[in-house]
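Per UniProt numbering, the first sequence starts with residue 1, numbered consecutively.
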Amino acid sequence: MANKVINILDTNIRSSSSLNRGAWTADEDRILAQYIDKHGPRRWKSLAIRSGLNRCGKSCRLRWLNYLRPDIKRGNFSDAEQDLILRLHRLLGNRWSLIAGRLPGRTDNEIKNYWNAHLRKKAKLMEKLPAFSTAIQVEMIKETEESGDGDHEMSYGDDEEDEFFDFSTKGTYGLDWVKTFLELEEDP
DNA sequence: AAATGCGCCAACCGCGTGCGC
DNA sequence: AGCGCACGCGGTTGGCGCATT
């Protein structure tokens, strides 16, 4: 409840003040990047004030995470990435941050946009294809669990050490629930 | 050439959660 | 235990550019 009030106030402050909104300029990007380089990407509210950027903290955070971060991968999604997104979405639904966690250099926002723009239709189409059955997906998961060396066709290069379906960075997600999910789904 | 429609993507918004005091 | 704050997430919006009429 208290949080709700704070959030409403926050929103009111943002909408009523003369804070910059909309697209970021190259100058703003430079200032933000320089400030973060010096002080690190945290305390966004005070960062926004101290850096001299006439932006709210949220806006700064989003700009950094989705655009300025040095490890961001720009450009088109590869076929492998598309395939991975399709499969992960089938398993996880709109859990964009989780999906993004499996695609190094891609942000949740980027994946969400890409899904809405390109893959949603594709996914609907694939749902109708018997070849893309959940049975195959279960096999894929078993395969991943059994091969502990991470040697998978969806590997993203030599520096990709994580296992394909390892969600350990987001808590204690095992794979059992995924299997359960798929089994339930197959049972009409 | 101008008007209109549409798709894409950056950015915004509201809400929930976690943490420190 | 309750409060304030910072942060993260997912849905939505707005604007730009391209295609079509």
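Heads up, the beta-carbon is just placed ideally off N, CA and C, and yes, glycines get one too.
In this text the structure is predicted, and so the values were computed from the model without any measurement.
Expected contact under 8 Å - CB spacing of residue i and residue j to nearest Å
| i | j | result |
| --- | --- | --- |
| Trp-44 | Gly-52 | About 14 Å separates the two Cβ atoms, so there is no contact after all. |
| Asn-107 | Ala-117 | Sequence check: residue 107 is Thr here, not Asn. With a Cβ gap of about 15 Å, Thr-107 and Ala-117 do not count as contacting. |
| Trp-96 | Lys-112 | 5 Å |
Reduced DSSP category for residue i - H, G, I as helix; E, B as strand; rest coil
| i | result |
| --- | --- |
| Gly-101 | helix |
| Gly-22 | coil |
| Cys-56 | coil |
| Lys-73 | coil |
| Asn-94 | coil |
| Ser-46 | helix |
| Arg-106 | coil |
Same chain only: Cβ atoms within 8 Å of residue i, ignoring 5 sequence neighbours per side
| i | result |
| --- | --- |
| Glu-110 | Asn-66 and Ala-100 |
| Lys-73 | Pro-104, Gly-105 and Arg-106 |
Cut-off 7 Å between Cβ atoms - residues of its own chain near residue i, not counting five sequence neighbours on either side
| i | result |
| --- | --- |
| Trp-24 | Arg-63 |
| Ala-123 | Leu-86 and His-89 |
| Ala-48 | Arg-55, Cys-56, Gly-57 and Cys-60 |
| Ile-36 | Trp-64 |
| Gln-82 | Leu-119 |
| Asp-27 | none |
| Trp-115 | Ile-85 and His-89 |
| Phe-77 | Tyr-114 |
| Ser-46 | none |
| Gly-75 | none |
Whether residue i touches residue j by CB criterion (8 Å)
| i | j | result |
| --- | --- | --- |
| Leu-91 | Arg-102 | no |
Cβ-based neighbour list, residue i, same chain, cut-off 6 Å, excluding 5 preceding and 5 following
| i | result |
| --- | --- |
| Ala-33 | Leu-68 |
| Arg-30 | none |
| Gly-22 | none |
Q) Can we say the stretch 59-76 touches the stretch 31-48, given the rule of at least three CB pairs closer than 8 Å? A) yes
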